[in-house]
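Colleague:
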Amino acid sequence: MKHNNVIPNGHFKKHWQNYVKTWFNQPARKARRRNARQQKAIKIFPRPTAGPLRPVVRGQTLKYNMKVRAGRGFSLEELKSGLCVPLSQIDDTNLQYNQAAGIAKKLAPTIGIAVDHRRRNSSLEGFQKNVQRLKTFKAKLVVFPRRARKVKAGDSSPEELATATQVTGPFLPIVSEKPTIELVKVTEDMKSFKAYDKLRLERTNARHVGVRAKRAAEAEKEEKK
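Residue numbers (this note's numbering): 236 to 460.
1. Between the Cα of Glu313 and the Cα atoms of Ile348, Arg282, Pro281 and Pro414, which residue gives the shortest distance?
2. In whole angstroms, what separates the C-alpha of Ala448 from that of Asn440?
3. Assign Ile338 to buried or exposed, taking buried as 16 or more other Cβ atoms, counted over all protein chains shown, within 10 Å of its Cβ.
4. Is Val378 closer than 8 Å to Ile409 when the C-beta atoms are compared?
5. Going by C-alpha to C-alpha distance, which of Lys364, Thr415 and Arg282 sits closest to Pro344?
6. Compute the Euclidean distance between the alpha carbons of Gln363 and Ser411, then round it to the nearest angstrom.
7. Out of Leu297, Val255, Tyr254 and Met301, state which residue places its alpha-carbon closest to the alpha-carbon of Lys413.
8. Select from Ser357, Val291 and Thr422 the residue whose C-alpha is nearest the C-alpha of Gly308.
9. Please report how far the alpha carbon of His352 lies from the alpha carbon of Ser310, in whole angstroms.
10. What residue range is occupied by the uninterrupted beta strand (DSSP E) comprising Ala465?
11. Quick check on Phe309: does DSSP put it in helix, strand or coil?
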């Protein structure tokens, strides 16, 4: 052996056959998951299999806030109070949208609506979207009475109960809105406009704001003398 090299000392895995990962139980697990879904649907009937209704929220941080997803639960403002913006910002333009869905916070979980008391509404658009989501849910909601002989206020009519079916797929799915692109006709002014030169000029002006202001102040002092 020459030079300062590593001395070969290979430890080959002699028993690799004992550590091979197989996946022969995949078809059986597929059947097991399917049976579990069916049993869950039977257990929670007539409630939807997808679980409670959840709000539309945006991802946290600048990296993910352009994506919409399902949140943990609706805020108390969306359910009942209706104060989605500070009182100082409420005017005639958004006052009509400042009416909440009118659902009691203790009633909501019993009719399939998830509630998160920690959430705070920071945008009027998100508040309106979730309130409309709740109103759409209420319009399609069929409430079965706990006891067939004792029908309470808010329970659905016998005709609605007779035609009601269990929702097995996604209910009110969240769809991402694609941005619309507005096409304009290219004019001669657009063609003659030099964007790079304009950017360089504005960058230079921004860099020399302080120097030019100082020179103007000094020149004004000289004129007063």
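Just so it is clear, CB atoms sit at the ideal spot from N, CA and C, and this is done for glycine as well. It should be emphasised that the depicted structure is a prediction, and the values quoted were computed from it without experimental measurement.
Modeller: Short version:
1. Ile348
2. 11 Å
3. buried
4. no
5. Arg282
6. 16 Å
7. Met301
8. Val291
9. 6 Å
10. Coverage of the chain is limited to positions 236 through 460, which leaves residue 465 absent and any answer about it impossible.
11. strand
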